[in-house]
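**Q** Residue numbers (full-length UniProt numbering): 1 to 116. C-beta atoms are modelled at their ideal positions from N, C-alpha and C, and glycine is treated no differently.
1. Helix, strand or coil for residue 19? Go by DSSP, reduced to three states.
2. Tell me, to the nearest whole angstrom, how far the beta carbon of residue 9 is from that of residue 107; I am working on the premise that it is less than 8 Å.
3. In the structure shown, what three-state DSSP assignment does residue 61 receive?
4. In whole angstroms, what is the alpha-carbon distance linking residue 30 and residue 4?
5. Per DSSP, what kind of secondary structure is residue 44 in: helix, strand or coil?
6. Given this structure, state the Cα-to-Cα distance separating residue 82 from residue 100, to the nearest angstrom.
7. Helix, strand or coil, according to DSSP, for residue 24 in the structure here?
8. Can you tell me the Cβ-Cβ gap for residue 36 and residue 70, rounded? I've got them flagged as a contact below 8 Å.
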């Protein structure tokens, strides 16, 4: 793995840790707190941009992870922010992204070894 891909993956790992912090606060807190919603949006946008960069570096996504889906989600949040469905973003944050984190663990380990 090249260093740029490794750095992107380590950014993804950190952002997914932040997603966990949002999830720990719970769905009710997320749905009633504009700042948590904005934080979730920001994290999903960053993840989408990183997914785009990672895919361009020919890093294959592990099973259960689709780089293109993260990119599409990023584009939707950026360009159609007035149509965001908070119940749907909660599902992405609480169900999809923790599954991605588990699937990406081997790549995170490889990225960390590359940077050392």
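**A** Short version:
1. helix
2. 5 Å
3. coil
4. 33 Å
5. helix
6. 26 Å
7. helix
8. With a Cβ gap of about 20 Å, residue 36 and residue 70 do not count as contacting.
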